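Below: one structure, written as structure tokens.
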Amino acid sequence: MPQARTSSFRVLVEGEPVLIPSRIYSDEPSVAAEAALSVTQRAVLDCLYTRHHDGRVRQRRLERVVGVIQPWVAPFVVQLVGEYVDEILLVIERVLTPELVVPHSPVAAVYGRCAAENQAFMALTGQRVVSYWNCYHRRRYPALNDYPGHAVLAALRAAAQRPGKDAPPAGDHLAGLDVPIVITPQAVAHHDSAASIDAQLRKA
Numbered sequence: 001m002p003q004a005r006t007s008s009f010r011v012l013v014e015g016e017p018v019l020i021p022s023r024i025y026s027d028e029p030s031v032a033a034e035a036a037l038s039v040t041q042r043a044v045l046d047c048l049y050t051r052h053h054d055g056r057v058r059q060r061r062l063e064r065v066v067g068v069i070q071p072w073v074a075p076f077v078v079q080l081v082g083e084y085v086d087e088i089l090l091v092i093e094r095v096l097t098p099e100l101v102v103p104h105s106p107v108a109a110v111y112g113r114c115a116a117e118n119q120a121f122m123a124l125t126g127q128r129v130v131s132y133w134n135c136y137h138r139r140r141y142p143a144l145n146d147y148p149g150h151a152v153l154a155a156l157r158a159a160a161q162r163p164g165k166d167a168p169p170a171g172d173h174l175a176g177l178d179v180p181i182v183i184t185p186q187a188v189a190h191h192d193s194a195a196s197i198d199a200q201l202r203k204a
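Taking full-length UniProt numbering, the leading residue of the sequence shown gets 1, the next gets one more, and so forth.
Okay, structure coming up:
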């Protein structure tokens with residue numbers, strides 16, 4: 001599993017603290033190595049590689065996991081909202097925003113709770129959205145309201161304000177997975193090996 005060379009940031013996932021690497025620099029595993037992982041392990045790996053220093057890797061991994069409706073996926077996706085790669089923001093806007101604006105949808109429930117219990121994280125993300133829009137994207141999006149990052153952020157904030165932000169039953173998903181995902185936040189926080197994660201899942 002990848003190791004972080006830089007600092008981590010802290011979020012809450014259903015009330016439990018989780019540390020996520022700010023950036024990782026490890027090479028991606030081989031195709032054969034990933035094929036040997038379980039579906040859950042591959043999803044964890046995809047989440048971690050959304051923190052890769054190469055934006056193309058981040059986008060590819062995001063596309064694999066953005067449709068998974070699980071509390072432990074949400075902070076990885078939200079972190080990308082506050083970054084500068086327009087193509088990544090467009091993926092998030094296309095997949096999540098239509099569901100975020102639907103009251104009590106599974107996506108709104110998971111992401112609304114993530115936003116509600118991580119207010120400092122959301123505030124920092126909002127500052128980054130405005131900063132990156134102003135520095136890099138203002139020519140393409142003259143109005144802040146038209147910027148994909150701002151649109152997603154507004155939908156997240158609205159979802160956080162709605163009542164009933166309970167997560168859906170484990171295993172709900174939009175696309176890309178054929179079996180339920182169940183994982184402990186500790187497995188993500190400590191970047192355990194695939195074998196260790198699998199062992200923790202079997203005990204859950």
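All C-beta atoms, glycine included, are put in the ideal place defined by N, C-alpha and C.
This one's a predicted model, so the numbers in the text were calculated from it and none came from an experiment.
Just to confirm before moving on: does the CB-CB distance between Val77 and Leu62 stay below 8 Å? For this step, residue 77 is matched to residue 77 along the sequence shown. For this step, residue 62 is matched to residue 62 along the sequence shown. Yes, the pair counts as a contact, with Cβ atoms nearer than the cut-off.
Nearest candidate by alpha-carbon position, reference Gly126, set Ala109, Arg113, Arg139, Leu144: Here residue 126 refers to the residue found at position 126 of the sequence shown. Looking at the Cα atoms, Leu144 is the closest of the given residues.
Alpha carbon to alpha carbon, what distance is there between Ala74 and Gly15? Position 15 of the sequence shown, counted from the first residue, corresponds to residue 15. Position 74 of the sequence shown, counted from the first residue, corresponds to residue 74. Between Gly15 and Ala74, the C-alpha separation is close to 14 Å.
What residue range is occupied by the uninterrupted beta strand (DSSP E) comprising Arg56? The residue labelled residue 56 in the question sits at position 56 within the sequence shown. Counting along the chain, Arg56 falls outside any beta strand (DSSP E), though it belongs to the alpha helix (DSSP H) covering 55-65.
Same chain only: Cβ atoms within 6 Å of Gly55, ignoring 5 sequence neighbours per side: Mapped onto the sequence shown, residue 55 falls at position 55. Correct list, in chain order: Val85.
I think Thr97 touches Ala151, with their Cβ atoms under 8 Å apart; what is that distance to the nearest whole Å? If you number the sequence shown from 1, residue 97 lands on position 97. If you number the sequence shown from 1, residue 151 lands on position 151. The distance from the Cβ of Thr97 to that of Ala151 is about 6 Å, consistent with a contact at the 8 Å cut-off.
For Arg60 and Val18, what's the separation of their Cα atoms in angstroms? In the sequence shown, the residue the question calls residue 60 occupies position 60. In the sequence shown, the residue the question calls residue 18 occupies position 18. Going by the C-alpha atoms only, they are around 23 Å apart.
From the DSSP secondary-structure annotation, give me the bridge partner or partners of Leu19. As a position in the sequence shown, residue 19 is number 19, starting the count at 1. DSSP lists Arg10 as partners of Leu19.
Using alpha carbons as the reference points, say which of Val39, His104, Arg51, Leu80 lies closest to Glu93. As a working mapping, residue 93 is identified with position 93 in the sequence shown. The shortest Cα separation from Glu93 among Val39, His104, Arg51, Leu80 belongs to Leu80.
Can you tell me whether Tyr49 is buried or exposed? The criterion is at least 16 other CB atoms within 10 Å of its CB, across all chains shown. In the sequence shown, residue 49 corresponds to position 49, counting from 1. So Tyr49 counts as buried.
Roughly how many whole angstroms lie between the Cα atoms of Ala109 and Tyr25? Within the sequence shown, residue 109 is the residue found at index 109, counting from 1. Within the sequence shown, residue 25 is the residue found at index 25, counting from 1. Rounded to the nearest angstrom, the two C-alpha atoms are 32 Å apart.
4 or more residues per run - each alpha helix (DSSP H) lying fully within the region 120-170: Listed in chain order, they are 148-161.
How many angstroms separate the CA atom of Arg113 from the CA atom of Arg140? The count along the sequence shown starts at 1 and reaches residue 113 at position 113. The count along the sequence shown starts at 1 and reaches residue 140 at position 140. Cα to Cα, Arg113 sits roughly 32 Å from Arg140.
Three-way DSSP call (helix, strand, coil) for Val101 in this model: By 1-based counting over the sequence shown, the position of residue 101 is 101. Coil, per DSSP.
So, with DSSP's three-state summary, where would you put Val81? Residue 81 sits at position 81 when you count from the first residue of the sequence shown. It is helical.
Alpha carbon of Phe9 to alpha carbon of Pro21, nearest angstrom: Here residue 9 is taken as the residue at index 9 of the sequence shown, counted from 1. Here residue 21 is taken as the residue at index 21 of the sequence shown, counted from 1. Rounded to the nearest whole angstrom, the CA to CA distance from Phe9 to Pro21 is 6 Å.
So what does DSSP say about Ile24, is it helix, strand or coil? Numbered from 1 along the sequence shown, position 24 holds the residue referred to as residue 24. Under the three-state reduction of DSSP output, Ile24 falls in the strand class.
Assuming Val66 contacts Val95 under a Cβ cut-off of 8 Å, what Cβ separation, rounded to an integer in Å, is found between them? Residue 66 sits at position 66 when you count from the first residue of the sequence shown. Residue 95 sits at position 95 when you count from the first residue of the sequence shown. 5 Å between Cβ atoms; contact.
Nearest by alpha-carbon distance to Val90: which of Tyr136, His53, Gln41, Gly149 is it? The residue labelled residue 90 in the question sits at position 90 within the sequence shown. Sequence inspection shows Leu at residue 90; the Val mentioned does not correspond to that position. Taking only the C-alpha atoms, the option nearest Leu90 is Gly149.
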